[in-house]
Each structure stands twice: as C-alpha cells, then as structure tokens.
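A.B. asks:
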Amino acid sequence: IGPRLSSSQVATLAVWLTQCSRLQEGMVGPRNLRHFKCPPLDLQDDLS
Numbered sequence: 204i205g206p207r208l209s210s211s212q213v214a215t216l217a218v219w220l221t222q223c224s225r226l227q228e229g230m231v232g233p234r235n236l237r238h239f240k241c242p243p244l245d246l247q248d249d250l251s
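Heads up, the sequence shown is in our numbering, so the first residue is 204 and it goes up one at a time.
Here it is in structure tokens:
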C-alpha cells in the first residue's frame with residue numbers, strides 16, 4: 204500500500220517509531236504514523 208520506501212526512509216521511520224515507543228511504554232500505533240512530526244512516507248525517490 205503506497206509507494207516503495209528507500210532504505211534511508213525506512214531507517215528514519217524506525218528512529219521516529221523508536222522515539223515514540225520510549226515515550227509510550229514500548230507501544231506505537233497508527234496515530235504515530237499520522238502525527239505531523241512523523242517523517243513523510245509518500246516521498247518518491249528514484250529507486251530504479
């Protein structure tokens with residue numbers, strides 16, 4: 204669902220979700236992906 208993510212986008216998202224989980228007793232959820240500070244998941248890099 205959605206565009207393919209580059210490895211750097213995945214790494215950035217992993218850092219974001221790790222930070223969220225530290226503040227939320229180890230839990231993350233959809234609200235973390237919709238948060239205005241969440242790294243964008245819809246940027247199109249040339250992955251060819």
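All C-beta atoms, glycine included, are put in the ideal place defined by N, C-alpha and C.
This one's a predicted model, so the numbers in the text were calculated from it and none came from an experiment.
For arginine 207, which three-state DSSP category applies?
C.D. replies: If you number the sequence shown from 1, residue 207 lands on position 4. Three-state result, arginine 207: coil.
A.B. asks: Confirm, please, whether the CB-CB distance from leucine 244 to valine 231 is below 8 Å.
C.D. replies: Numbered from 1 along the sequence shown, position 28 holds the residue referred to as residue 231. Numbered from 1 along the sequence shown, position 41 holds the residue referred to as residue 244. Not in contact: valine 231 and leucine 244 (Cβ atoms no closer than 8 Å).
A.B. asks: Using only CA atoms, which one of Pro206, Gly229, Thr215, Glu228 lies nearest to cysteine 241?
C.D. replies: In the sequence shown, the residue the question calls residue 241 occupies position 38. Comparing Cα-Cα distances from cysteine 241 to each of Pro206, Gly229, Thr215, Glu228, the minimum goes to Thr215.
A.B. asks: Taking the alpha-carbon positions, what's the cysteine 223 to asparagine 235 distance?
C.D. replies: Reading the sequence shown from its first residue, position 20 is the one you call residue 223. Reading the sequence shown from its first residue, position 32 is the one you call residue 235. Going from the Cα of cysteine 223 to the Cα of asparagine 235 covers about 7 Å.
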